[in-house]
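A.B. asks: Heads up, the final residue of the sequence shown is numbered 294 in the working numbering, and it's a clean run with no missing numbers.
For glycine and all other residues, C-beta sits at the position ideal for the given N, C-alpha and C.
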Amino acid sequence: MDTSVKEIVCKTALHCHDSKWLPYRYDINVYRGCAHRCVYCYALYSHEYLGGGDFYREIYAKTNIADVLRRELPAFSRETVNLGGITDSYQPAEREYKLMPGVLSLLARYSVPVTLSTKSTLILRDVALLKKIDEASAAKAAFTVTTMDKTVARLIEPNAPTPRERMNALGEIKKQGLTCGVHMMPVLPYLTSGEASLEAVFSAAKDAGADYILAGALNLRGGTRQGFFESIRQSFPAEYGRIKEIYHNKEAYKAYKRDLDAVLIRLRKKYTLPYYSKIPEKPEPKQLSFLSPL
Ligand code: SF4
């Protein structure tokens with residue numbers, strides 16, 4: 001795979017954003033760029049101020065992030081931190097760089113609740129640390145699964161583990177007692193929006209023990225739009241025109257969204273899977289010993 005990883009040093013680890021759309025104010029991203037190469041990735045903008053570069057092929061690893069976080073945490077409130085709000089913390093580079101264990105260990109020590117979403121089974125390596133956090137405060141893990149069709153998944157999320165592997169990993173984490181969810185986002189018109197396709201994800205999520213499914217339509221903004229349509233034109237030429245119509249015609253989009261929402265409501269009832277599950281935080285967070293092995 002023609003991906004290069006560049007090591008960088010960061011000045012801050014905890015990033016506070018002011019987006020009113022996101023439920024958490026703080027996130028930590030140990031990488032910039034993401035080698036999973038999803039055709040709908042909304043995070044392409046995050047590479048722009050680094051002088052451009054290819055978001056999917058030029059990955060930046062923040063090798064000093066645990067040291068910076070160690071300095072920041074004593075003054076940090078116990079707000080929930082979203083791990084990897086911009087890119088996937090468990091993308092392929094993490095196998096070599098192992099940045100997440102240091103970050104998770106520190107968050108456990110300071111009893112900071114965490115939530116994270118990934119497409120990678122590499123998260124299983126760190127389940128013991130997530131459990132430590134859950135014991136000290138709260139931890140929630142979600143897998144993004146947009147379809148159970150591995151052929152479609154290979155074309156839209158070429159470097160991520162298969163949907164079945166992700167669901168199996170979710171089942172493993174659930175067995176450890178963590179709150180787990182499925183992020184069925186984004187739903188792609190005609191490719192993953194059919195009722196059978198949506199139901200396959202609901203059914204697999206229920207079987208794996210998921211506590212919730214968050215679903216959302218595709219939002220094409222900034223640089224994502226052009227790359228997305230180019231990928232669809234190449235991989236799904238028969239659907240290209242219909243998908244383009246949805247994103248170029250307000251009425252078509254409204255009708256599509258209305259139908260999608262109606263199916264999702266039916267499936268939520270059938271599988272009793274809510275759209276969200278609050279992390280059950282402990283009223284008295286346990287302060288782990290700074291000397292205890294993590
Ligand atoms: S896993 Fe997330 S961050 Fe990575 S390419 Fe896919 S959508 Fe983008």
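Under 7 Å from any heavy atom of the ligand SF4, does the C-beta of Gly157 make it?
C.D. replies: The residue given as residue 157 occupies position 157 in the sequence shown. Here residue 157 turns out to be Glu, not Gly, going by the sequence shown. At least one heavy atom of the ligand SF4 is nearer than 7 Å to the Cβ of Glu157, so yes.
A.B. asks: CA-CA distance, His15 and Val68?
C.D. replies: Against the sequence shown, residue 15 aligns to sequence position 15. Against the sequence shown, residue 68 aligns to sequence position 68. Straight-line Cα distance between these residues: approximately 12 Å.
A.B. asks: Met184 bridges to which residues according to DSSP?
C.D. replies: Residue mapping note: residue 184 aligns to position 184 of the sequence shown, counting from 1. Answer is Ala215.
A.B. asks: At a cut-off of 7 Å, would you count Arg95 as near the ligand SF4, judging by its Cβ distance to the nearest heavy atom?
C.D. replies: As a first step, residue 95 must be located in the sequence shown, where it is residue number 95. No - the ligand SF4 has no heavy atom lying nearer than 7 Å to the Cβ of Arg95.
A.B. asks: Please report how far the alpha carbon of Arg164 lies from the alpha carbon of Lys150, in whole angstroms.
C.D. replies: Numbered from its first residue, the sequence shown carries residue 164 at position 164. Numbered from its first residue, the sequence shown carries residue 150 at position 150. So the alpha carbons of these two residues sit roughly 8 Å apart.
A.B. asks: Using a threshold of 8 Å, state whether the C-beta atoms of Thr80 and Val114 are closer than that.
C.D. replies: As a position in the sequence shown, residue 80 is number 80, starting the count at 1. As a position in the sequence shown, residue 114 is number 114, starting the count at 1. Yes. Within cutoff.
A.B. asks: Looking at C-alpha atoms only, which residue of Leu198, Arg70, Lys175 is the closest neighbour of Gly216?
C.D. replies: Taking the sequence shown and counting its residues from 1, the one referred to as residue 216 is at position 216. Here the closest residue by C-alpha is Leu198.
A.B. asks: Between the C-alpha atoms of Leu73 and Thr162, what's the straight-line distance to the nearest angstrom?
C.D. replies: Position 73 of the sequence shown, counting from 1, holds the residue named residue 73. Position 162 of the sequence shown, counting from 1, holds the residue named residue 162. One C-alpha to the other measures close to 36 Å.
A.B. asks: Using DSSP's beta-bridge definition, name the partner residues of Val9.
C.D. replies: Sequence index remark: in the sequence shown, residue 9 carries index 9 (1-based). Note: Val9 sits in no beta bridge, so no partner.
A.B. asks: I'd like to confirm something about Thr87: is its beta-carbon nearer than 7 Å to some heavy atom of the ligand SF4, or not?
C.D. replies: Within the sequence shown, the letter at position 87 stands for residue 87. Yes.
A.B. asks: Quick one: is the Cβ of Cys10 within less than 7 Å of any heavy atom of the ligand SF4?
C.D. replies: Position 10 of the sequence shown, counting from 1, holds the residue named residue 10. No - the ligand SF4 has no heavy atom lying nearer than 7 Å to the Cβ of Cys10.
A.B. asks: Please classify Arg221: is it buried, with 16 or more other beta-carbons within 10 angstroms of its beta-carbon, or exposed?
C.D. replies: In the sequence shown, residue 221 corresponds to position 221, counting from 1. Counting Cβ neighbours within 10 Å, Arg221 comes out exposed, since fewer than 16 surround it.
A.B. asks: Should the segment 10-27 be called in touch with the segment 178-194, which here means at least 3 C-beta pairs below 8 Å?
C.D. replies: These segments do not touch.
A.B. asks: Gln91: buried (16+ other C-beta within 10 angstroms of its C-beta) or exposed?
C.D. replies: The count along the sequence shown starts at 1 and reaches residue 91 at position 91. Gln91 comes out buried.
A.B. asks: Taking 7 Å as the cut-off, is the beta-carbon of Ala169 closer than that to any non-hydrogen atom of the ligand SF4?
C.D. replies: Here residue 169 refers to the residue found at position 169 of the sequence shown. Ala169: no, Cβ never under 7 Å from the ligand SF4.
A.B. asks: Three-state secondary structure (DSSP) at Arg233?
C.D. replies: Here residue 233 corresponds to residue number 233 of the sequence shown, with the count starting at 1. The answer is helix: DSSP assigns Arg233 an H, G or I state.
A.B. asks: So what's Asn249 in DSSP terms, helix, strand or just coil?
C.D. replies: On the sequence shown, residue 249 is found 249 positions in, with the first residue counted as 1. In the structure shown, Asn249 sits in coil (DSSP, three-state: anything other than H, G, I, E or B).
A.B. asks: Just to confirm, are Leu129 and Pro158 a CB contact at a threshold of 8 Å?
C.D. replies: Numbered from 1 along the sequence shown, position 129 holds the residue referred to as residue 129. Numbered from 1 along the sequence shown, position 158 holds the residue referred to as residue 158. Their beta carbons are not under 8 Å apart, which means Leu129 does not touch Pro158 by this criterion.
A.B. asks: Looking at C-beta atoms only, is the number of pairs between the segment 165-182 and the segment 220-240 that lie closer than 8 Å three or more?
C.D. replies: Too few Cβ pairs lie closer than 8 Å, so no.
A.B. asks: Return the Cβ separation of Ala61 and Val5 in integer angstroms, given the expectation that the two are a contact with Cβ distance under 8 Å.
C.D. replies: Numbered from 1 along the sequence shown, position 61 holds the residue referred to as residue 61. Numbered from 1 along the sequence shown, position 5 holds the residue referred to as residue 5. About 5 Å separates the two Cβ atoms, so the contact holds.
A.B. asks: Starting from Tyr97, trace the alpha helix (DSSP H) in both directions and tell me its first and last residue.
C.D. replies: On the sequence shown, residue 97 is found 97 positions in, with the first residue counted as 1. It spans 93-97 - the alpha helix (DSSP H) in which Tyr97 sits, taken as one unbroken run.
A.B. asks: For Arg242, name the three-state secondary structure that DSSP assigns.
C.D. replies: To locate residue 242, count along the sequence shown from 1; it is residue 242. The answer is helix: DSSP assigns Arg242 an H, G or I state.
A.B. asks: Would you mind working out which of Lys140, Leu155, Ala141 sits nearest Thr147, comparing C-alpha positions?
C.D. replies: In the sequence shown, counting from the first residue as 1, residue 147 sits at position 147. Selected option, being the one with the closest Cα: Leu155.
A.B. asks: Quick test of your reading: Tyr97 and Thr144, contact by CB under 8 Å. State the CB separation rounded to the nearest angstrom.
C.D. replies: As a first step, residue 97 must be located in the sequence shown, where it is residue number 97. As a first step, residue 144 must be located in the sequence shown, where it is residue number 144. Between Thr144 and Tyr97 the Cβ distance is about 21 Å, and since that is not below 8 Å, they are no contact.
A.B. asks: Please list, in chain order, all residues of the same chain as Lys206 whose beta carbon is under 7 Å from its beta carbon, the five residues on each side excluded.
C.D. replies: The sequence position of residue 206 within the sequence shown is 206, counting from 1. Closer than 7 Å at Cβ, skipping near neighbours: Tyr271, Leu273.
A.B. asks: Taking just the CA atoms, how far does Asp259 sit from Ile133?
C.D. replies: For this step, residue 133 is matched to residue 133 along the sequence shown. For this step, residue 259 is matched to residue 259 along the sequence shown. Approximately 40 Å, taken between the alpha carbons.
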